[in-house]
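Residue numbers (our numbering): 69 to 586.
Encoded structure:
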């Protein structure tokens with residue numbers, strides 16, 4: 069479920085762009101200002117609005133660390149602002165003094181690129197604020213730009229309708245002509261990188277005047293050449309699509325359109341965990357690049373999850389928060405809407421309600437294959453009834469004293485029984501563990517989709533997170549694994565390149581929908 073939580077109405081002209089950092093939201097407008105909000109309560113910062121541009125501000129973006137904000141304008145400048153003080157840290161004048169329509173940081177904060185109305189591009193060394201290189205595509209306007217997750221290449225889109233891949237030497241590596249009929253309006257890389265010994269693959273979303281959102285694979289071959297392949301064409305809008313953005317985990321894609329709607333897609337596949345997709349990607353990328361039929365047979369279509377209809381005019385901007393399940397959308401109606409992406413179970417405590425414990429316990433105990441969903445939802449009373457049914461009545465008071473509910477029951481191990489529950493009898497501990505293991509086995513075989521189970525615990529995930537190995541895990545389980553297993557992947561046994569864990573909101577919503585259907 070996606071719900072509107074607030075509407076910001078401070079701009080006096082069209083909202084052109086919005087961007088999140090970990091703690092802030094930035095919006096810019098035709099009213100020449102950039103406004104900043106605290107994402108805790110969306111109160112405006114004391115030094116907002118930022119008033120340095122002489123004309124309309126077309127785009128704004130945070131540096132990856134969130135310490136700086138870049139904004140570009142018709143006044144032919146890209147300004148860099150301090151997020152600590154609101155002061156101007158630098159003014160980058162675009163070569164040729166053409167109106168600047170787009171700007172983007174590299175994920176490693178080393179570079180900033182800006183694109184202008186005359187088709188020119190400027191690549192800046194961000195730490196020094198010095199111009200590193202320029203290039204130009206004649207007879208067009210640069211309106212879209214995004215860096216790859218590795219920071220080594222970037223893609224631009226123009227009113228000519230093409231997508232172009234550039235390296236950091238401003239060499240054009242590939243041109244995808246007529247990517248969107250009548251013009252590209254926005255493009256954005258997914259955060260994930262897929263690679264083997266022959267190919268490095270990225271995914272890119274783009275949108276345009278043809279009413280479509282398109283998903284592309286951008287493949288860098290071992291030879292250095294680039295191949296671009298269209299994967300999906302999304303047709304959820306009925307008018308030109310002006311903006312699109314991926315969530316920080318790459319699982320959701322949002323877009324906004326002239327039809328005044330916002331669409332939210334499952335960017336991987338419906339009810340498809342990253343685990344399943346990663347297993348597919350373990351097939352050599354080179355094989356898939358050159359065997360398109362095989363590739364398309366295995367790819368599933370992105371699924372339209374939600375259509376939001378709160379804006380009164382064209383939707384011109386959208387952005388996901390990198391740290392919380394929030395979406396910001398901006399419009400020509402001068403407003404910015406803040407949406408919360410929920411898992412569908414808000415208000416549910418995860419335990420049986422009073423008066424339902426006996427029924428739930430009885431259903432779970434007497435079924436030939438207990439559902440993990442029911443066991444994990446057991447209350448303390450349900451656990452007590454289970455102990456009685458299993459001949460473990462001597463432990464009822466101990467379990468009650470320690471507030472053992474269904475979730476805690478499934479997580480019990482030998483050490484916990486001895487040190488925390490103080491069960492002295494080794495025979496009793498063994499019996500409890502044997503019964504708990506039977507419960508887990510019955511739960512695992514009760515029809516729960518495998519992609520909803522944590523690969524470590526084999527239990528239904530409640531807080532799924534995406535790790536660097538491409539698999540999703542229960543947050544508590546993978547956090548404990550990383551702290552004790554020298555940062556190796558539980559699935560591949562290879563070192564994790566980073567211990568960063570990204571919430572998998574799409575998987576969480578899919579699990580919630582499955583739970584509600586049971």
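We put the beta carbon where it would ideally sit given N, CA and C, even for glycine.
Because the structure is a prediction, the values reported are computed rather than measured.
Query: Give, in chain order, every unbroken run of the beta strand (DSSP E) that is at least 3 residues long and sits entirely within the region 194-219.; Result: 198-204, 210-215
Query: Relative to the C-alpha of residue 312, which candidate in 238, 283, 186, 294 has its C-alpha closest?; Result: 283
Query: Does DSSP classify residue 256 as helix, strand or coil?; Result: strand
Query: Relative to the C-alpha of residue 70, which candidate in 494, 101, 397, 401 has its C-alpha closest?; Result: 397
Query: Could you check the C-alpha separation between residue 207 and residue 230 for me, to the nearest Å?; Result: 12 angstroms
Query: Is residue 332 helix, strand or coil when you go by DSSP?; Result: strand
Query: Just the Cα atoms here: how many angstroms apart are residue 310 and residue 285?; Result: 21 angstroms
Query: Taking only the alpha-carbon atoms, compute the straight-line gap between residue 280 and residue 326 and give it to the nearest angstrom.; Result: 12 angstroms
Query: CA-CA distance, residue 37 and residue 271?; Result: The structure shown does not extend to residue 37, since the chain spans only 69 to 586, so no value can be given for it.
Query: Helix, strand or coil for residue 563? Go by DSSP, reduced to three states.; Result: strand
Query: Applying the criterion that 16 or more other CB atoms from any shown protein chain within 10 Å of the CB defines a buried residue, is residue 507 buried or exposed?; Result: buried
Query: Quick one, are the C-beta atoms of residue 166 and residue 188 less than 8 angstroms apart?; Result: yes
Query: Measuring only the C-alpha atoms, how far is residue 72 from residue 265?; Result: 45 angstroms
Query: Rounding to the nearest angstrom, what Cα-Cα distance links residue 87 and residue 116 in this structure?; Result: 15 angstroms
Query: Could you tell me which residues DSSP puts in a beta bridge with residue 149?; Result: 137, 156
Query: Alpha carbon to alpha carbon, how far is residue 233 from residue 539?; Result: 29 angstroms
Query: Look at the alpha carbon of residue 576 and the alpha carbon of residue 319, and state the distance between them as a whole number of angstroms.; Result: 11 angstroms
Query: Looking only at its own chain, which residues have a Cβ that is under 7 angstroms from the Cβ of residue 570, when we skip the five neighbours before and after it?; Result: 316, 317, 533, 534
Query: Taking 8 angstroms as the cut-off, decide whether the C-beta atoms of residue 274 and residue 243 are in contact.; Result: no
Query: For residue 470 and residue 489, what's the separation of their Cα atoms in angstroms?; Result: 7 angstroms
Query: Looking at residue 85: is its Cβ nearer than 8 angstroms to the Cβ of residue 121?; Result: no
Query: Under a Cβ-count criterion, where at least 16 other Cβ atoms within 10 Å of its own Cβ denotes burial, should residue 597 be classed as buried or exposed?; Result: This structure gives no information on residue 597, because the portion of the chain shown stretches from 69 to 586.
Query: Secondary structure at residue 163, three-state DSSP: helix, strand or coil?; Result: helix
Query: Examine the ligand NAP and report whether any of its heavy atoms sits within less than 7 angstroms of the Cβ of residue 203.; Result: This structure simply doesn't include the ligand NAP, nor any ligand for that matter.
Query: Could you tell me the distance, in whole angstroms, from the CA atom of residue 173 to the CA atom of residue 221?; Result: 12 angstroms
Query: Is the beta carbon of residue 92 closer than 8 angstroms to that of residue 75?; Result: no
Query: Go through its chain and collect everything with a Cβ distance to residue 235's Cβ below 6 angstroms, but skip five positions before and after it.; Result: 221, 241
Query: Cβ atoms of residue 384 and residue 82: under 8 angstroms apart, would you say?; Result: yes
Query: In or out: residue 123 buried (at least 16 other Cβ within 10 Å) or exposed?; Result: exposed
Query: For residue 278, which option in 197, 304, 250 has the closest C-alpha, if you only look at C-alpha atoms?; Result: 250
Query: Which parts of the region 255-330 are runs of the beta strand (DSSP E), unbroken and 3 residues or longer, counting only runs that do not cross its ends?; Result: 267-276, 281-289, 294-302, 309-314, 320-325
Query: Going by the CB atoms, is the gap between residue 523 and residue 559 shorter than 8 angstroms?; Result: yes
Query: Residue 399: which of 95, 90, 89 sits nearest, CA to CA?; Result: 95
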